[in-house]
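Participant: If you scroll down you'll find the structure; I have some questions about it.
So, in structure tokens, the structure goes:
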């Protein structure tokens with residue numbers, strides 16, 4: 001009996017990252033179905049993205065202010081412009097396109113396509129000599 005428990009514990013430790021990865025993807029898929037339901041009830045994807053980033057900013061702001069107060073660099077105009085452009089084009093545009101595509105396809109398709117981002121990025125980077 002003790003040997004069986006030891007084998008089960010060893011298997012759990014060995015496959016814990018895999019189980020967590022599957023759990024995270026299940027949570028993402030559940031979230032996409034919830035988002036799809038809100039879109040079917042009339043919410044605009046662009047409004048949803050705005051609410052999402054507003055709530056995220058409000059939640060993260062106190063932690064960033066108190067824990068990173070003495071570490072962060074001085075906010076110059078060039079740094080502010082760089083952060084603005086990267087957040088606008090890098091994150092906001094991608095999430096807006098993802099949620100807008102959810103209006104035309106299923107959440108399952110969107111969840112599957114998000115897993116191909118890394119490989120498509122590599123395929124684009126090879127001809128541009130970034131990889």
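Residue numbers (UniProt numbering): 1 to 131. From the three backbone atoms N, C-alpha and C, an ideal C-beta is built for every residue, glycine too.
1. Give a yes or no on whether the C-beta atoms belonging to residue 100 and residue 45 are separated by under 8 angstroms.
2. Using the C-alpha atoms, what's the distance from residue 113 back to residue 9?
3. May I ask you to verify whether the region 92–109 touches the region 11–27, counting CB pairs closer than 8 angstroms and requiring at least 3?
4. Let's test the definition: count the other Cβ atoms within 10 Å of the Cβ of residue 34 and tell me whether it reaches 16, buried, or not, exposed.
5. How far does the alpha helix (DSSP H) with residue 45 in it extend, from its first residue to its last?
6. If you measure between the beta carbons of residue 30 and residue 38, is that distance less than 8 angstroms?
Facilitator: A quick look at the data gives this:
1. Along the chain shown, one-based indexing puts residue 100 at 100. Along the chain shown, one-based indexing puts residue 45 at 45. For residue 100 and residue 45, yes; Cβs fall inside 8 angstroms.
2. Working through the chain shown from its first residue, we reach residue 9 at position 9. Working through the chain shown from its first residue, we reach residue 113 at position 113. Between residue 9 and residue 113, the C-alpha separation is close to 34 angstroms.
3. Between the region 92–109 and the region 11–27 there are fewer than three inter-stretch CB-CB distances shorter than 8 angstroms, so the stretches are not counted as touching.
4. Within the chain shown, numbered from 1, the residue matching residue 34 stands at position 34. Classification for residue 34: exposed.
5. As a position in the chain shown, residue 45 is number 45, starting the count at 1. Membership of residue 45 in the alpha helix (DSSP H) is indicated by the continuous run 45–67.
6. Counting from one through the chain shown, the residue named residue 30 turns up at place 30. Counting from one through the chain shown, the residue named residue 38 turns up at place 38. No, the Cβ-Cβ distance between residue 30 and residue 38 is not below 8 angstroms.
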